[in-house]
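Let me begin by presenting the structure, written as structure tokens, before commenting on it.
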Ligand code: AGP
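In structure tokens form, the structure reads like this:
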């Protein structure tokens, strides 16, 4: 939930570099931030609540001296977002500083024991105990390195921690279940929660795995396994993301840029090594039960794909919200179960918990994620990389399209190998998947303007319904989630047939109802639902295909897409208009779509 960054340079000062890196990590949390540096045996610290720009204006984050430092941008879990709870946290002597991402679960007992020894705590966070644990060990004549090692052995939970000491020329990093990568350049060494923060300085990275500690200095980088203190040999890898991929590239917001990157995201997702798709299909074929597990937007991708498995292969692929998995389905999991776990970040705690439980019961895990080196990638039996590039906007857009594409490819391939899809159907669906990127590329600029007009209708309202049938119920849910999370308008997505069972009671004059209506049989059915709402004064907004003439006739406003895609692939082409409607509504309501309140990009708490 938080972003951490550390660096040691051999010329210049680190504070401006850490400041810039924190800006690039701000999507991970933005309720407070801080930087600590070491200079001539002293520790310097600046931190406060608020966004990085506000803090910088108040404190001048660039003016800390020294060539070693760490920084942190926070999404509060323990303790309110205020100055005291902002990281980095220090010990009683003011010589040690730590930045932590994750949760130290047993901090209360550790804190009590440290307090009984006289330690004074300044914050209400779980993290601060780590600084005092190091201090305590140093008091007992341990080296800085050993103190951190011993401190790690006492804590449980998830953590990526970077620690510095005023008398040392190194940064110590430890990790368990929270991400941390190391960067190397000719001018220094770095550690960061995520790749975009490193890109201005280097593309050479080394992964750090759970249970390891890295000792970073200008002389060398040493990695040890904490459990047995063995030295780990790990080679660096080169990241081929360009700086521009993690910048706004001329768009006013990352979210808009990422919406426009979707044609490429589809093509990149389809670049997956087909052997992996074949192996994943084989695992499913050899199983008796198939679950699709995820949270939020990723769950909507799962829901959509469950329809494809059912339609093309008569397979009951059960979509499940990860946080409910243990209670609802875990008992059914055994060695003949396959779980497809979907998470753009690969860090979502609820998804990882479900996966670990299923794994423990013997299930095979197919992980679908966008982050190389993420925990989901590591614990999966097969890992399908979405290859969408960095997604900085908190609202998932292009990664949703990548998930839909990759999972559709898997479901289509499975059906070809083991299900009902003939060679012809298989080839047609494959070529339609590629065509989806062309369709979106063609319509994006045009529908951007149409989405703006729809946003003007929605922006002043307090409630919106998103309705569809069949596979596009997933699109309705996703459209509603996008609107809620970035414009703060209440929105509900549900199957259109459900209106008369309750929700229609809310409809009055001008109530916006957005219908996602593919052509064919579904549009005939949806037409009836549109008329029910229209008769009660609803404002009918349709996202539809060019030949859905009747739907367009009864709509007050519509976005029409030229395409003959099979219905099971239409969620891919219906998503960008829904994302644009949410985006423009947020802009009209003067909200920052990249950093919605109370949300963070990776949800690493249960
Ligand atoms: C997406 O717009 C949301 N911010 C959120 O629902 C997200 O999809 C969810 O937290 C799951 O994240 P993941 O894909 O990284 O696991």
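Numbering (the numbering used here), first residue to last: 725 to 1330. The beta carbon of each residue, even a glycine, is placed where N, CA and C say it ideally should be.
Is the beta carbon of residue i sitting closer than 8 Å to the one on residue j?
i            : j            : result
residue 729  : residue 745  : yes
residue 1121 : residue 1068 : no
residue 1165 : residue 987  : yes
residue 1095 : residue 1319 : no
residue 1183 : residue 995  : no
residue 1014 : residue 1171 : no
residue 762  : residue 890  : yes
residue 1063 : residue 1032 : no
residue 1306 : residue 1028 : no
residue 1285 : residue 1270 : yes
Below 8 Å on the Cβ atoms is my contact criterion, and I expect residue i with residue j to pass it. Report the Cβ-Cβ distance as a whole number of Å.
i            : j            : result
residue 800  : residue 811  : The Cβ separation is near 11 Å, so there is no contact.
residue 731  : residue 826  : 20 Å between Cβ atoms; not a contact.
residue 1034 : residue 1041 : 7 Å
residue 1323 : residue 1202 : Incorrect: roughly 15 Å between the Cβ atoms, too far for contact.
residue 1266 : residue 1239 : 5 Å
residue 989  : residue 1132 : Actually they are not in contact, since the Cβ atoms of residue 989 and residue 1132 sit about 13 Å apart, beyond 8 Å.
residue 1233 : residue 1261 : 4 Å
residue 1264 : residue 1278 : 6 Å
residue 1301 : residue 1310 : Not quite, the Cβ-Cβ distance comes to about 15 Å (not below 8 Å), so this is no contact.
Suppose the cutoff is 6 Å on Cβ atoms and the five residues either side in sequence are ignored; what does the same chain contact list for residue i look like?
i            : result
residue 898  : 876, 885 and 937
residue 1098 : 1070 and 1071
residue 1005 : 1137, 1138 and 1141
residue 1112 : 989, 1094, 1122, 1123 and 1126
residue 1194 : 1246
residue 1057 : 1082, 1085 and 1087
residue 742  : 729, 759, 793 and 795
residue 1043 : 1016, 1026, 1027 and 1030
Alpha carbon to alpha carbon, what distance is there between residue j and residue i?
i            : j            : result
residue 798  : residue 1186 : 31 Å
residue 842  : residue 813  : 17 Å
residue 920  : residue 1115 : 10 Å
residue 773  : residue 809  : 8 Å
residue 1257 : residue 1046 : 33 Å
residue 1019 : residue 1076 : 11 Å
residue 1091 : residue 805  : 34 Å
residue 1055 : residue 1073 : 20 Å
residue 1037 : residue 1143 : 4 Å
residue 1394 : residue 1254 : Past the boundaries of the shown model lies residue 1394; the chain is included only from 725 to 1330, so the question cannot be answered.
residue 1196 : residue 1296 : 10 Å
residue 1061 : residue 1011 : 5 Å
residue 1110 : residue 883  : 25 Å
residue 1220 : residue 1191 : 5 Å
residue 1362 : residue 1242 : For residue 1362 there is no data in the structure shown, the boundaries of the chain being 725 and 1330.
residue 1290 : residue 991  : 18 Å
residue 789  : residue 765  : 12 Å
residue 955  : residue 934  : 14 Å
residue 862  : residue 871  : 6 Å
residue 668  : residue 829  : This structure cannot speak to residue 668, because the chain is shown only from 725 to 1330.
residue 787  : residue 1321 : 29 Å
residue 832  : residue 839  : 10 Å
residue 905  : residue 932  : 6 Å
residue 1268 : residue 1250 : 11 Å
residue 1181 : residue 1016 : 36 Å
residue 737  : residue 952  : 36 Å
residue 751  : residue 1326 : 9 Å
residue 1226 : residue 1237 : 15 Å
residue 1275 : residue 1163 : 21 Å
Using a Cβ-Cβ cutoff of less than 8 Å, which residues in the same chain neighbour residue i once the five nearest sequence positions on both sides are dropped?
i            : result
residue 984  : 975 and 1168
residue 1101 : 1070, 1091, 1093, 1095, 1107 and 1109
residue 1215 : 1187, 1188, 1189, 1190, 1203, 1204, 1205, 1207 and 1208
residue 902  : 825, 826, 882, 883, 884, 917, 1071 and 1328
residue 749  : 727, 728, 729, 797, 916, 917, 918, 920 and 921
Between which residues of its own chain and residue i is the CB-CB distance below 7 Å, once the five residues before and five after are set aside?
i            : result
residue 1140 : 1150
residue 1176 : 1308
residue 859  : 815, 816, 817 and 820
residue 873  : 937 and 950
residue 1001 : 1133, 1134 and 1137
residue 1008 : 1014, 1062 and 1138
residue 965  : 919, 923, 1113 and 1114
residue 770  : 758, 759, 783, 785 and 788
residue 844  : 816
Within the present structure, is the beta-carbon of residue i separated from the nearest heavy atom of the ligand SAM by less than 7 Å?
i            : result
residue 1205 : No copy of the ligand SAM appears in this structure; the ligands present are the ligand AGP.
Cβ contact check for the region 941-959 and the region 1104-1124: 3 or more pairs under 8 Å | no
Stretch-stretch touch, CB-based, cutoff 8 Å, three pairs: the region 1080-1092 with the region 952-965 | no
Flag this pair as touching only if the region 900-919 and the region 733-745 have three or more C-beta atom pairs under 8 Å; answer yes or no.
-> yes
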